[in-house]
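Below is one structure; the comments refer to it alone.
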């Protein structure tokens, strides 16, 4: 049994005949101790899908799924109160901008201890000792004094370490990191990622790493899910997917890395933007931006099809073409 | 912090000078003079007038009057009332507890009703409850105090006979004035039912006086709360698995209160100016009623002194509000 199993998860906003599907029939599994990378442009539904996992989608957003199970427990069937016992305890999340994700009115110690208090209880002294230990684990110097610091007294990197300490406070089995380094300096980014991966290995957590950084995913993730406009367009073992992309979108993402444009005057960028609520094309959602689009792509929407350990949503997967050639 | 307090105190001095000039000139701009009013319908002869003006110090040029007045104020002397011949400061101190008592209960009413209404409206944004709260607060804010007071007296006191029409305590009780605060004095008197009667008399005036601040607090709390509820740290708090009540009452409220505290501080001014009308309607023997009567009699020292004292109180409360900022907002406390 996988740690987390998602089948056809959809998140829709708006009512009426055509609600906007921010996440469209998303399916993936995460096993214990596995790192799953989710990549895609802004607006492709990466963050919304993870918020749905946490149960943090508010009205008017609607979450539906054929299956959304954590260790076999059906999350959507649970009462809110039951579900909150899992949220923050067994599934925890780290957000993009640590400078705004911490409450400015409370000390970092208070905010870490609160997470422990809600899920594990214990005396105040025990919680404090645990919070100090957590701060030490995430590499914060002088944790005994930092515990009474307010968020505005910490740098971005330190704040993100505090966020990580808060997230791992209850030893979660699954950690979701939503672009944990996007708001940080480049020098700090590597430190934070190293810390996350180290903790993941030590605690054998499942880690969902949501990011723009393809190089990072290629290096750190076991498997990868590529999302576009709320849909999975390709998934599979990270190395295979990136070295041998099957979907034109994955290929375009790889090409847009500055390294792959070496020696050229301009970067290879995918023209256009992710379609929003009112400009969804007919057929394949990528067809207006896809260099390989045919009439079939413009008329019909491709399904996600499995090929061995990989899945791809394309009528003309690149890997097949190469095989043919 | 001490430097900050000193800096704020330093800024108070020019404010005082401005206030003293304003109060002094405003009262002199009102047509009519005290001597004419004291003379009544029979009028006063030229000699009587000259003599009266001399005793009251009104014969000197106005600039000189102002300088003499400010000189005395700096010595702590607000002058003597033209009418009662009592020192203004003594009268003020006798009457002020009644006003404080009223303003305090009005502020309690405003905060106890305004804050929860604002929080509820923000949490249930767009609901019937939200619209109801916003309509009530807009109505309350727009309602002239004297009209609102009269309406409540007509309905609550006369139609339903639920609350007393005026005064601070039932005439049945004889309460010695010790502190000037009726609740405390009634309690000290030991008479059975005296405290209850004093509280009973406070209900209607407090509601009338507290309505505008209540409306302001409710609206401010709502908008501040709505802003805070959209912040990232609220999402973080929910991601910890906290209950919605805890998220709202701990994580959101503490942040949302920061601008609300300022507004509550500013409402002290509204309370004191509103007290003038409220006290007149409910025959409440506080400084409001005293000032209105003094204006009618052109009792210059009382009006000047009373307004100056009110200004001092407003300045001090605003200073205190700024200082409580540091308590509630760590970003001010730890730089």
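Protein chains in written order, with the working numbering: chain A, 7 to 331; chain B, 6 to 340.
Note that CB positions come from ideal geometry on N, CA and C, so glycine has one too.
In terms of CA proximity to residue 124(A), 245(B) leads the group 245(B), 291(B), 123(B). The residue among 29(A), 195(A), 44(A) with its C-alpha nearest the C-alpha of residue 242(A) is 44(A).
In this structure, the alpha-carbon of residue 213(B) lies about 41 Å from that of residue 60(B).
Considering only beta carbons, no part of the region 249 to 269 of chain A lies closer than 7 Å to chain B. Under the three-state reduction of DSSP output, residue 114(A) falls in the helix class. Taking a C-beta cut-off of 7 Å against chain B, none of the residues of the region 198 to 226 of chain A qualify. For residue 14(A), the enclosing beta strand (DSSP E) starts and ends at 10 to 19. Rounded to whole angstroms, the gap between the alpha carbons of residue 72(B) and residue 52(B) is 26 Å.
Within the model, the alpha-carbon separation for residue 286(B) versus residue 11(B) is close to 40 Å. Proximity of the region 235 to 249 of chain A to the region 75 to 91 of chain A falls short of the contact definition, fewer than three beta-carbon pairs being nearer than 8 Å. Exclusion of the five residues before and after residue 166(A) leaves 104, 198 as the residues of its chain whose Cβ lies within less than 6 Å of its Cβ. For residue 68(A), the enclosing beta strand (DSSP E) covers residues 68 to 70.
Assignment of residue 163(A) by DSSP, reduced to helix, strand and coil, places it in the helix class. Among the residues facing chain A, residue 335(B) is included, as its CB has a counterpart in that chain under 9 Å away. Closer than 9 Å to the CB of residue 256(B) there is at least one CB belonging to chain A.
In the pairwise beta carbon analysis, the region 13 to 24 of chain A is classified as not touching the region 201 to 208 of chain A: fewer than three pairs are separated by under 8 Å. Taking the Cβ atoms as the reference, residue 219(B) lies roughly 4 Å from residue 119(B), within the contact range of under 8 Å.
Residue 94(A) reaches chain B at 244, 245, 246, counting residues in chain order whose Cβ is nearer than 7 Å.
In the structure shown, residue 194(A) adopts helical secondary structure according to DSSP, grouped into three states.
Within chain A, the residues 106, 107, 108, 109, 110 have their CB atoms less than 8 Å from the CB of residue 238(B), given in chain order. In this structure, the CA atom of residue 123(B) is about 10 Å from the CA atom of residue 231(B). Residue burial is scored here from C-beta neighbours: residue 29(B) has at least 16 other C-beta atoms within 10 angstroms and is therefore classed as buried. Residue 324(B) places its beta carbon 9 Å or farther from that of residue 311(B). Using beta-carbon distances, residue 192(A) does not count as an interface residue toward chain B, since no partner is under 9 Å. In the three-state reduction of the DSSP assignment, residue 21(B) falls in the helix class, which pools H, G and I. With a threshold of 9 Å between beta carbons, residue 226(B) makes no contact with chain A.
For residue 174(A), the secondary structure class from DSSP, reduced to helix, strand or coil, is coil. Assigned with DSSP and collapsed to three states, residue 93(A) falls in strand. Residue contact with chain B for residue 62(A): present (Cβ-Cβ distance below 9 Å to some residue of chain B).
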